[in-house]
Amino acid sequence: MTQGPLNPKKLLLASQPIFDRWDNIHGVEMLYRNDQGLSVLEVGEEIATAEVIYHLSTAISRRVGFFKAPAFINVTAEFLLSRHCLPLPPEHVVFELVERITPTPALVEAVRLFRQQGYRFALDDFAFMPEWYPLLPLASYIKVDIMMLSPSEAMSHRQALAKLPVKWIAERIETREERDAYLDIGFDFFQGYFYARPTPIYGRKIPSSTLQTTLLLNALWRPEPNAGKIISLIQSDPALAMKLTRIANSAYYRQHDKIRSMHDVVARLGFRQLSSWVAIIGLLGNVPSEHANLVLTRAKACELLAQQEQLSGSNAYFIGLLSATELLLGIPSEEFLDCLELDTKITAAILLREGAYGNVLKRIEATERLYAMRQLASHGEDPRLYDIYLDARHAAFELLTALSPNG
């Protein structure tokens, strides 16, 4: 595990306002930015989408709220087809469908379902291709790149689609003359350097591995997990795939049959055990070793105590891991959990220490504090906790050794 400070201020996003005909801000487009200069395609569109949505649903949403305007964000087909539930109210966001998306019947149906929930869509850089026409009745905005379409061509398209209840946005406006030309042909909103260049937004950066973790955990904790989707997400991160294969091949899991595919890895570990391994790899990869040791000890101790009390050890282990989000990532636990679609009992146990699992977590944390103060041997509430915590520390040490590059 690497050493070093957590979450220094880094480039998170850029924002560019969208103006109405009277030069009032109507919306703010949130543009993906990478502090290492990588593009959306280099990072991966699904990771970029997850990162933008994460920042938008936490601290960045307060910035958008300042403008009293919805946030426009690009989303991938994979995001729409996964039917994610968002912590963002529909009135605060507009999904942009970029030209790289293929408008399949499944995608059109996914857009329809989001529309039924109140979400709005903008067709970005719209090229007026026939395959996109099924999406037109579901769109609230059509965004036109004026570098690709002359005012006369834009007016012709706008007249042909005049019966649609959509608003028209002219993008890449750089001069007053361009703005006036599209204003004259009836465009409603305008965006470009003439009004404002994208403004960088700095803050705490969530590692891409953690964003991949949130996507995987959401897939794993669905009522009916989709093994194909889970395998696809794992395979999109070769380092994660290699680590999980190594774990599945370890002495702890080794069976007679050899692992021949990622499907075998998922089948051997099981969804709940896989959740914990994904959380371990995704959350602990960039934290000081002493933090990793404390978190793994807490998780294992929760598992051992839960098993003694006839509760699910795998659930308790997972709760123990996620209870330390603030320590691991430097962000409040509720912000991270907002991105996950966990069972409400799991979330209540982590955030409020409620329920049977919350009680387990609370008692282990009390034991953790006593151990730190060298008072564990005098624990009077429950003598079992002394042995449980020491056993958990030993297990955490062994796991850290196994996960280390030289393990």
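Residue numbers for the sequence shown follow the numbering used here, so the first one is 618 and each next one is one higher.
Every residue gets a Cβ at the ideal spot worked out from N, C-alpha and C, and that includes glycine.
Do residue j and residue i count as a contact pair if the criterion is CB distance below 8 Å?
i     : j    : result
F599  : A756 : Residue 599 falls outside the range modelled here, since the chain spans only 618 to 1024, and no answer is possible.
S940  : S950 : yes
T693  : E662 : yes
K784  : D805 : yes
I936  : Y974 : yes
R789  : G809 : yes
F712  : Y736 : yes
Y934  : K962 : no
V1009 : T914 : According to the sequence provided, residue 1009 is Ala. The question's Val does not apply to it. Yes, the Cβ-Cβ distance between A1009 and T914 is below 8 Å.
L630  : I818 : yes
H774  : F807 : no
E695  : P720 : no
Q734  : P707 : yes
T831  : L658 : no
Excluding the five sequence neighbours on either side, which residues of its own chain have a C-beta within less than 7 Å of the C-beta of residue i, listed in chain order?
i    : result
L800 : R638
S892 : L834, L837, W838 and F935
I967 : I936, L939, S940, S950 and L954
M764 : R789
V882 : L861, T862, A865 and I876
L959 : W838
Along the chain, where does the beta strand (DSSP E) that runs through residue i open and close?
i    : result
A688 : A688 to V692
E788 : K784 to E788
L740 : R737 to L740
Assuming residue i is part of the alpha helix (DSSP H), what are its boundary residues?
i    : result
L648 : Unbroken run through L648 is the beta strand (DSSP E), I642 to Y649; no alpha helix (DSSP H).
N932 : G930 to L939
R793 : R793 to D801
A858 : P855 to A865
S767 : Premise fails: S767 is in no alpha helix (DSSP H) and is neither H nor E.
G661 : Here G661 belongs to no alpha helix (DSSP H), and DSSP marks it neither H nor E.
L911 : S906 to Q925
D805 : Run containing D805: none; DSSP gives neither H nor E here.
K846 : A844 to Q852
A896 : F888 to L901
Excluding five sequence neighbours on each side, which residues of the same chain lie with their C-beta closer than 6 Å to the C-beta of residue i?
i     : result
I690  : M647 and V669
F1014 : none
G644  : I635, A686, P687 and F689
I759  : L740, F743, V783 and W785
V681  : Per-residue confidence for V681 stands at a pLDDT of 45, beneath the threshold of 50, marking its modelled position as unreliable; no derived number is given.
A923  : G930, A933 and V977
D762  : D742, E788 and R789
G1024 : With a pLDDT of 49 at G1024, under the threshold of 50, the predicted position of this residue should be treated as unreliable, though the coordinate-derived value follows. So the qualifying residues of the chain are T1018.
G942  : Sequence inspection shows Thr at residue 942; the Gly mentioned does not correspond to that position. These residues qualify, in order along the chain: S950 and F953.
Report back the beta-carbon spacing between residue i and residue j to the nearest angstrom; my notes put them in contact at under 8 Å.
i    : j     : result
L724 : L697  : 6 Å
L850 : W894  : At roughly 13 Å, the Cβ-Cβ gap does not stay under 8 Å, so L850 and W894 are not in contact.
C919 : I981  : 5 Å
I898 : L857  : 6 Å
L766 : S906  : Not confirmed; about 56 Å, so no contact.
Q925 : R1001 : 7 Å
P842 : F888  : 5 Å
A965 : G972  : 6 Å
Using a Cβ-Cβ cut-off of 8 Å (strictly less than) and excluding sequence neighbours within five positions of residue i, which residues of its own chain qualify?
i    : result
H880 : A844 and I848
A813 : Q633 and P634
F811 : I790, E791, T792, R793, E795 and R796
T816 : A631, S632 and Q633
field: Every unbroken alpha helix (DSSP H) inside the stretch 709-763 [4 residues or more]
entry: 722-733
- prompt: Which runs of the alpha helix (DSSP H) fall wholly inside the stretch 945-1001 and span at least 4 residues, in chain order?
  reply: 950-954, 961-969 and 972-989
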